[in-house]
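What follows is a single structure, written as C-alpha cells, with notes after it.
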C-alpha cells in the first residue's frame, strides 16, 4: 500500500477506462476534477503556509498585519527575518528541547524492535503451547488506550510496587528520566511492533525456512541470517511510525517526563509556550515549525515506508 | 516445528517422574522469559543512572542507549539461546520458544496488562489511591456537569470527525484517481498534516482562529481577516459556544483526511477495471459507477477506516488541552478530563474512573478486532 505502488497502478487505471468514455465527456469531467482537487489542495496547504510565512516575519509586522499581506510585497526590505528562530532556539530553549526529543525518540524506537522481532518469529515459526491465545492477547492489547496505563506506571516509577510483603518492582525514581520514557514507549509500542512483524514474517514462504532447517540451521541462525534481512520493509515501516509517534507525543511526555527546562521535549515546550506567550505569534510559529521539521523531513524522504507505517499503525492505543 | 516441541515430555526415560519434569520445564520457561528483560533493565538502569545529572551530553546518551538497547539486548538473546543449548536435550525445544517470546510478554504484562487491572482497582479508591470508596468516582463521572459535557463533546467528536474525514478522503481519492498527471503530488500535500504533532497542528489553527476585538488592532487570524474583508465584525471563534467544538474538530479532520484518502485510494485501485468498464459500456453515469460499484466494492475498507478514526477521535486530548480554558469554553473531552483530574488536580481515583470509561467504550472495537483477526486466520 505504498505510494510507489499506488503510482504504478494508477498509470494503468487512469488510461484504461477513458477509452470507453466519449471525448467530450472526459474533458468536462476532467476540468471539474482538476478544479475540485486544486481547491482542496489549496485549502489544505493554507494553514501550514500561514505558519511558515509568519515564522519568517519580524515581530512588529506579525502583530500589525496578517501573514497574507506579505504575499503582496514579498521582496520589500525588512519583510523577512531569521530572528524568530534564533530567539526560539536559544532564549526559549527549543534547541535544547530538540536534542531532548531526539534523545527520547531514537532509543524509544530501536529498543522495542529487537524484542518484537524475536517474539514475532516465535509466534510465526516456533511451536509452543498457548501460541495462538497469546497472539490474540497481543491483538487485543493493540487498542488499549494509553490513559489506562498512565496512573499505574507513574506509581511504579515513583514508588515501585509491592505484592503483600514482597517488593515486585523496585522504587527506582524513574519519573522525569529518559530511561523511564524509553521503557514506557517500548512497552506501548510492542503490541503494534509484534503484530506488524508477525504478520509480515508469517507471510514469508515456508519453503526457505524449511530448507534452511534441513541444512541444519537452528532457530537463532534462521532468525538472524534469514528472517531479519527479509523483514527490512516491515521493520522500517514500524520504525518510522514509532519514531513519529514518540516525537509527536504530548501525553506520555507530560505525565512521565514533565516540564523541567532541562529535560522537556519539543511538544511540551510548545504547549508551554502557548500557555505563557499565547499572543507572540512570531515566536509561536517559529517554535511550531521547529517541532514540524523532523516529521516533514521523514515524510518527504521516506514517503513509501511512511505511508505503510502509518496505515498499519493507525490502530495504536 | 519438530514434534518434540509440541509434546516436550515425549521421549523421556520411563523412570523420570513426569510431574517432576513438567515442573522443571515450567520453572525453566519462566526463568527464561524473565531473564532478558530483568537483566536488560538493570543494565540500562546502571548505565543511565548518571543521567540524573541533567547536563549529561545527549549525543553520548543516545549513542549509549542505542548500543545497549539494541546490541546489548540482542546479545542477551544470543546468550540465552546458548544457555538453552546447555540444557538436557529433552528440555531444549520446550524452553527455547519462551526465550524468544518471553521478554515481549513480560514487558507487555508490566506496561499494559498490569496497568489495566491496576487502573480498574484505583478507580474504586480515593484521590490518593488508598481507601476504597466504592462507586463514588463513577457517580462523579456521570453527574458532574463538566464531565457530562465532556461525554457529550466526545460523542460529537467520534461522529463528526470520522464522518467528514472519510467522506472528504473518499471524494478526494476518487477525484485524484482520475488525474492524469500530478496524482502523487496532490495526494502527498493532503497527507502531509498527518506527519505533524497535534500540538503543532493546534498552534497552526490557533493562528487561523486568532481574534482581536474591534478597535484592538487589526486581526492577524485568517478567518477574522476574511470577516473584516467582508466588512463584518471579528468573531471570537474559540469562545463561540457550542460551535467552538466544531472548530476544534476541523483540526482533526484536517489531519486525518490524508489517512482516509491513502487507504481508500489503494482500495479503489484494487477494484477490477473490467467491472467499472463494463458498467460504463452499459451506459452507467460516473455517479452511478461511484455509488453502485465503487462504494460497495470498498465497503469493508471504509468500515476499517471509520473504526480506526472513531478510536482516534475517542482519545483526542492534545487539541483541547493546547487550546486551554476547556471548562470556560465548554469544549471538554473525556481524555482531556482524565489528565486534568489525575495529573493536574492529583485525584487518582477520578482520573482512573475516567480512563476506565474510555476503556469500556473501546472494548467493542477490541472484540471486533480480535474477531476479524480470527476470521483472517481461518482463511489462511
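Protein chains in written order, with my numbering: chain A, 1 to 317; chain B, 318 to 697.
Glycine included, each C-beta is placed from N, C-alpha and C at the ideal position.
Query raised in the report: What distance in whole Å lies between the Cβ atoms of residue 479 of chain B and residue 626 of chain B, which are believed to be in contact at a cut-off of 8 Å?
Result: The sequence position of residue 626 of chain B within the second chain is 309, counting from 1. The sequence position of residue 479 of chain B within the second chain is 162, counting from 1. The pair is a contact, with the Cβ atoms about 4 Å apart (cut-off 8 Å).
**Report entry** Same chain, Cβ closer than 6 Å to residue 346 of chain B, neighbours up to 5 away in sequence not counted
**Finding:** As a first step, residue 346 of chain B is located in the second chain; it is residue number 29 there, counting from the start. 412 and 415.
**Report entry** Classification of residue 253 of chain A by the beta-carbon crowding that lies within 10 angstroms, buried from 16 upward
**Finding:** Here residue 253 of chain A refers to the residue found at position 253 when the first chain is read from its first residue. It is buried - the Cβ of residue 253 of chain A has at least 16 other Cβ atoms within 10 Å.
Report task. With 7 Å as the threshold, decide whether the Cβ of residue 114 of chain A is near any Cβ in chain B. Result -> Here residue 114 of chain A refers to the residue found at position 114 of the first chain. Closer than 7 Å to some Cβ of chain B, the Cβ of residue 114 of chain A qualifies, so yes.
**Report entry** Outcome for residue 334 of chain B when other beta-carbon atoms lying within 10 angstroms are tallied against a minimum of 16
**Finding:** Here the question's residue 334 of chain B lines up with position 17 in the second chain. Looking at its Cβ environment, which holds fewer than 16 other Cβ atoms inside 10 Å, residue 334 of chain B is exposed.
Query - For residue 169 of chain A, the three-state DSSP class (helix, strand or coil) - result: Position 169 of the first chain, counted from the start, is the residue given in the question as residue 169 of chain A. Strand at residue 169 of chain A.
Query raised in the report: Would residue 72 of chain A be called buried (16 or more neighbouring beta carbons within 10 Å of its own) or exposed?
Result: For this step, residue 72 of chain A is matched to residue 72 along the first chain. Exposed, by the Cβ-count rule.
Query raised in the report: Pick from B:501, B:576 and B:604: whose alpha carbon is nearest that of residue 481 of chain B?
Result: Residue numbering aside, residue 481 of chain B sits at position 164 when the second chain is read from its first letter. The candidate whose alpha carbon is nearest that of residue 481 of chain B is B:576.
Query raised in the report: Alpha carbon to alpha carbon, how far is residue 668 of chain B from residue 125 of chain A?
Result: Locating residue 668 of chain B in the second chain gives position 351, counting from the first residue. Locating residue 125 of chain A in the first chain gives position 125, counting from the first residue. So the two alpha carbons sit approximately 42 Å from each other.
Query raised in the report: Is the shortest distance between the beta-carbon of residue 31 of chain A and the beta-carbons of chain B less than 7 Å?
Result: What you label residue 31 of chain A is simply residue 31 of the first chain in a count that begins at 1. Not one chain B Cβ lies under 7 Å of residue 31 of chain A.
Query raised in the report: Under the three-state reduction of DSSP, which class applies to residue 289 of chain A: helix, strand or coil?
Result: One-based indexing of the first chain puts residue 289 of chain A at position 289. Reduced to three states, the DSSP call for residue 289 of chain A is helix.
Query - CB contact check: residue 435 of chain B to chain A, cutoff 7 Å - result: If you number the second chain from 1, residue 435 of chain B lands on position 118. By this cut-off, residue 435 of chain B is an interface position.
Query raised in the report: Got a sec: which bits of the region 41–58 of chain A sit with their beta carbon under 8 Å from any beta carbon on chain B, in order along the chain?
Result: 41, 44, 45, 46, 47, 48, 50, 51 and 54
Query raised in the report: Which residues in the same chain as residue 169 of chain A place their Cβ atom closer than 7 Å to its Cβ, once the five residues preceding and following it in sequence are excluded?
Result: Here residue 169 of chain A is taken as the residue at index 169 of the first chain, counted from 1. Correct list, in chain order: 156, 160 and 161.
Query - chain B contacts from the region 137–151 of chain A (Cβ-Cβ distance under 9 Å) - result: Cβ contacts with chain B come from 137, 138, 139, 140, 141, 142, 143, 144, 145, 146, 147, 148, 149, 150 and 151.
**Report entry** Pick from B:418, B:485, B:450 and B:547 that is closest to residue 193 of chain A, judged by C-alpha positions
**Finding:** As a first step, residue 193 of chain A must be located in the first chain, where it is residue number 193. It is B:418.
Query raised in the report: So which residues of chain A does residue 489 of chain B contact, with C-beta pairs closer than 8 Å?
Result: Locating residue 489 of chain B in the second chain gives position 172, counting from the first residue. Going along chain A in sequence order, the residues near residue 489 of chain B (Cβ under 8 Å) are 37 and 40.
**Report entry** For residue 339 of chain B and residue 158 of chain A, the rounded distance between their alpha carbons
**Finding:** Translated into the one-based positions of the first chain, residue 158 of chain A becomes position 158. Translated into the one-based positions of the second chain, residue 339 of chain B becomes position 22. Rounded to the nearest angstrom, the two C-alpha atoms are 39 Å apart.
Report task. Put residue 22 of chain A into one of helix, strand or coil per three-state DSSP. Result -> As a first step, residue 22 of chain A is located in the first chain; it is residue number 22 there, counting from the start. The pLDDT assigned to residue 22 of chain A is 41, lower than 50, so where the model puts this residue is not dependable, and the model offers no usable value.
Query raised in the report: So, residue 394 of chain B versus residue 94 of chain A, is the Cβ gap smaller than 7 Å?
Result: For this step, residue 394 of chain B is matched to residue 77 along the second chain. For this step, residue 94 of chain A is matched to residue 94 along the first chain. Contact: no.
Query raised in the report: Taking all protein chains shown into account, do 16 or more other C-beta atoms lie within 10 angstroms of the C-beta of residue 674 of chain B, making it buried, or fewer, making it exposed?
Result: The sequence position of residue 674 of chain B within the second chain is 357, counting from 1. By the neighbour-count rule (16 or more Cβ atoms within 10 Å), residue 674 of chain B is buried.
Query raised in the report: In chain order, what residues of the same chain lie with their CB nearer than 7 Å to the CB of residue 109 of chain A, ignoring the 5 residues before and after it?
Result: Stepping through the first chain from its first residue, residue 109 of chain A is reached at position 109. Cβ within range, chain order: 239, 242, 243 and 246.
Requested in this report: With a threshold of 16 other CB atoms inside 10 Å of the CB of residue 685 of chain B, please say whether the residue is buried or exposed.
Outcome: One-based indexing of the second chain puts residue 685 of chain B at position 368. It is exposed - the Cβ of residue 685 of chain B has fewer than 16 other Cβ atoms within 10 Å.
**Report entry** Beta-carbon neighbours of residue 285 of chain A, restricted to chain B and to distances below 7 Å
**Finding:** As a first step, residue 285 of chain A is located in the first chain; it is residue number 285 there, counting from the start. Chain-order list of chain B residues neighbouring residue 285 of chain A: 524, by C-beta distance under 7 Å.
Query raised in the report: Name the chain A residues whose beta carbon is nearer than 9 Å to that of residue 641 of chain B?
Result: Here the question's residue 641 of chain B lines up with position 324 in the second chain. Going along chain A in sequence order, the residues near residue 641 of chain B (Cβ under 9 Å) are 274, 275 and 278.
Query raised in the report: For residue 88 of chain A, does the count of other Cβ atoms within 10 angstroms reach 16, so buried, or fall short, so exposed?
Result: Residue mapping note: residue 88 of chain A aligns to position 88 of the first chain, counting from 1. Label assigned to residue 88 of chain A: buried.
Query raised in the report: So what's residue 692 of chain B in DSSP terms, helix, strand or just coil?
Result: Locating residue 692 of chain B in the second chain gives position 375, counting from the first residue. Looking at residue 692 of chain B - three-state DSSP - the assignment turns out to be helix.
Report task. Please go through the region 454–508 of chain B and give each complete alpha helix (DSSP H) segment of 4 or more residues, from N-terminal end onward. Result -> Taking only runs of at least 4 residues, the alpha helix (DSSP H) segments lying wholly in the region 454–508 of chain B are 462–495 and 500–508.
Query raised in the report: Could you give the distance in angstroms between the alpha-carbon of residue 163 of chain A and the alpha-carbon of residue 132 of chain A?
Result: As a first step, residue 163 of chain A must be located in the first chain, where it is residue number 163. As a first step, residue 132 of chain A must be located in the first chain, where it is residue number 132. If I take the Cα positions, the gap works out to 30 Å.
**Report entry** Own chain residues within Cβ distance below 8 Å of residue 433 of chain B, not counting five before or after
**Finding:** The residue labelled residue 433 of chain B in the question sits at position 116 within the second chain. Hits under 8 Å: 676.
Report task. On the DSSP bridge assignment, give the partners of residue 142 of chain A in chain order. Result -> Translated into the one-based positions of the first chain, residue 142 of chain A becomes position 142. DSSP, once it has assigned bridges, lists no residue as partnering residue 142 of chain A.
Query - Under 7 Å from the C-beta of residue 668 of chain B: neighbouring residues of chain A - result: Working through the second chain from its first residue, we reach residue 668 of chain B at position 351. Residues of chain A passing the Cβ test: 151.
Query raised in the report: Where does residue 456 of chain B land, buried or exposed, given buried means 16+ other C-beta within 10 angstroms?
Result: Position 139 of the second chain holds residue 456 of chain B. With a 10 Å radius around the Cβ and a threshold of 16 neighbouring Cβ atoms, residue 456 of chain B comes out exposed.
Query raised in the report: Helix or strand or just coil, what does DSSP make of residue 162 of chain A?
Result: Numbered from its first residue, the first chain carries residue 162 of chain A at position 162. Judged by DSSP in its simplified three-state form, residue 162 of chain A adopts strand.
**Report entry** Which of helix, strand or coil DSSP assigns to residue 449 of chain B
**Finding:** Here residue 449 of chain B refers to the residue found at position 132 of the second chain. Residue 449 of chain B: strand per DSSP, three-state reduction.
Requested in this report: Find the residues of chain A that neighbour residue 431 of chain B, judging by a C-beta separation of less than 7 Å, and give them in chain order.
Outcome: Counting from 1 along the second chain, the entry for residue 431 of chain B is found at position 114. Result: 152.
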